[in-house]
Every structure is written in C-alpha cells, then in structure tokens.
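The block underneath contains the structure these notes are about, expressed in structure tokens.
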Amino acid sequence: MAYKPRFLFQSLAAFISFTIRRSARLLTGARSLWFGCQPELKQRIYYANHNSHIDFILLWSSLPTPLRRRTRPVAASDYWLKDGFRRFLIEDTFSGITIQRTRTDTQDPLQSVKDVLQSGDSIIFFPEGTRNLDDDIELLAFKSGLYHLYQNHPHVEIIPVWISNLKRVMPKGALIPLPLLSTVSFGQPLAVSQDMDKALFLELARKQLLALKEVEYL
-3 MAYKPRFLFQ
7 SLAAFISFTI
17 RRSARLLTGA
27 RSLWFGCQPE
37 LKQRIYYANH
47 NSHIDFILLW
57 SSLPTPLRRR
67 TRPVAASDYW
77 LKDGFRRFLI
87 EDTFSGITIQ
97 RTRTDTQDPL
107 QSVKDVLQSG
117 DSIIFFPEGT
127 RNLDDDIELL
137 AFKSGLYHLY
147 QNHPHVEIIP
157 VWISNLKRVM
167 PKGALIPLPL
177 LSTVSFGQPL
187 AVSQDMDKAL
197 FLELARKQLL
207 ALKEVEYL
C-alpha cells in the first residue's frame, strides 16, 4: 500500500528522535531548571548560548512533550544540509528549520523562521549565529536576528536559556559526548518593546542570558 513507506519513514524518524533525546540526557546528566517561567504551552522564542552541535538537542529534549511537539530548532543549512543523513535528522527527526547564515540581496534568511512563528509554533534560536569555541569568551556578540524576529512577532515570549558545561561535555572534535553533568536553565521572559533601539535590545537580551549563568549557582 502506498502509505506504508511513508509510515515506516516517520516511525524511523520518531525512533531516532527518541533514542537521541534519551541518550543526550543520559550522557550529559542534564537537568532542567525553570527560574523565571514555567513550562507552559505558550508560543515562545527560546534563545540560548551556542557551544556545540548538540545544544539544540539538549534544549529541545528538556522541554515537556507537549511543548517539544510545538517547538522547532533553527539550524544552519551549510552544516545540516551537507548530506542526506544530516538533512533527514534535522528535517524529519527534529522538525528543524534550516537557514543560511548570510543574507543575500534577494532573500531574507529568516523568512522561513518568520513563517513558522506565523503558524503558531515556538522556536529554538541561537543569536550568536555560530558556535562559540573560545574557552575565554562566555558569549559571543549577538547578531541582529533575534531583534528582527521580535519586531515581526512582538506577541511571542522571548525566553533566555543558559546551557552549562557543553564545552566540556562535547569538546571540539569530539564525535560523542563525554559523561559530564549539564544544566539547562530557563529564565524569565525578556521585557522589551517594539520601539526599543536594536543595540539596546540585543544588549539586554545578552545580559539577561548571562545572568542565568550566575543564578544557576545560587
């Protein structure tokens, strides 16, 4: 029957998703801390620090099932669309949205993300734009993407999420995570307005994210 191959494909994607999520949480010993918000079924932009390719997997896995089903990670197309297997993982296993990191004159790289927000889903977003591989820098400067998403969708809650220890859990060049404890800390919604200057918006978003790193140890 015609539906069977597609059904088997979806079942395989669901099984791989379950296996990766459970393995990531087991290997990292990840715990979720909700400091300034609750795991409610609201439309949100979860923005986080970015140290490794498993960041979004750990954050996504930390969400309760009803939230996770309505939350889509944003990922770089130059990495995740390199081959068929990566494409299968990001698109079918994680329901991710792939974007180009550089803007062209003819296309807005964030348009697909804006479309997802317009549909009512939440997203996981990394405003640094790339992985921070420098042990001496806690957080790279934010790109303007988060600001533009808010300008287009001001009704969506913006939640900072600090992911700790992933530079040690998944060091550069490692193929599998090391068994170390990690924490995913969710903060209070960003208090901003549409008339806020872009530089001020990004500075506030960055400070609120960094503040979560300190709260974790209180």
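Those letters in the sequence shown? Residues -3 to 214, by our numbering. All C-beta atoms in this analysis are idealised placements derived from N, C-alpha and C, irrespective of residue type, glycine included. Quantities reported herein were computed from a predicted structural model and do not represent experimental measurements.
- Leaving out five residues before and five after THR89 in sequence, what residues of the same chain have Cβ atoms less than 6 Å from its Cβ? To locate residue 89, count along the sequence shown from 1; it is residue 93. Taken in chain order, the residues that qualify are ALA9, ILE12, SER13.
- Where does GLU210 fall in DSSP's three states? Sequence index remark: in the sequence shown, residue 210 carries index 214 (1-based). Looking at GLU210 - three-state DSSP - the assignment turns out to be helix.
- Task: Kindly list the residues whose CB is nearer than 8 Å to the CB of LEU29, restricted to its own chain and excluding five residues on each side of it in sequence; keep chain order.
- Result: On the sequence shown, position 33 is the one that residue 29 refers to. Cβ within range, chain order: THR179, VAL180, SER181, PHE182, GLU212.
- Item | SER19 versus HIS46 - alpha carbon distance | Locating residue 19 in the sequence shown gives position 23, counting from the first residue. Locating residue 46 in the sequence shown gives position 50, counting from the first residue. Each residue's alpha carbon lies about 20 Å from the other.
- Query: From ALA201 to LEU4, what does the alpha carbon distance come to, in whole angstroms?
  - Reply: As a first step, residue 201 is located in the sequence shown; it is residue number 205 there, counting from the start. As a first step, residue 4 is located in the sequence shown; it is residue number 8 there, counting from the start. Between the C-alpha atoms of ALA201 and LEU4 there is a straight-line separation of about 42 Å.
- Item | Exposed unless 16 or more other CB atoms sit within 10 angstroms - verdict on GLN204 | Within the sequence shown, numbered from 1, the residue matching residue 204 stands at position 208. Result: buried.
- Query: Between the beta-carbon of PRO69 and the beta-carbon of PHE52, is there less than 8 Å?
  - Reply: Here residue 69 is taken as the residue at index 73 of the sequence shown, counted from 1. Here residue 52 is taken as the residue at index 56 of the sequence shown, counted from 1. Yes.
- Task: Report all residues from its chain with a CB closer than 8 Å to the CB of ARG64; omit the five preceding and five following residues, and keep chain order.
- Result: As a first step, residue 64 must be located in the sequence shown, where it is residue number 68. Here the set comprises TRP56, SER57.
- Query: In chain order, what residues of the same chain lie with their CB nearer than 6 Å to the CB of ARG40, ignoring the 5 residues before and after it?
  - Reply: Reading the sequence shown from its first residue, position 44 is the one you call residue 40. Counting only Cβ-Cβ distances below 6 Å, and skipping sequence neighbours, we find SER118, GLU153, ILE155.
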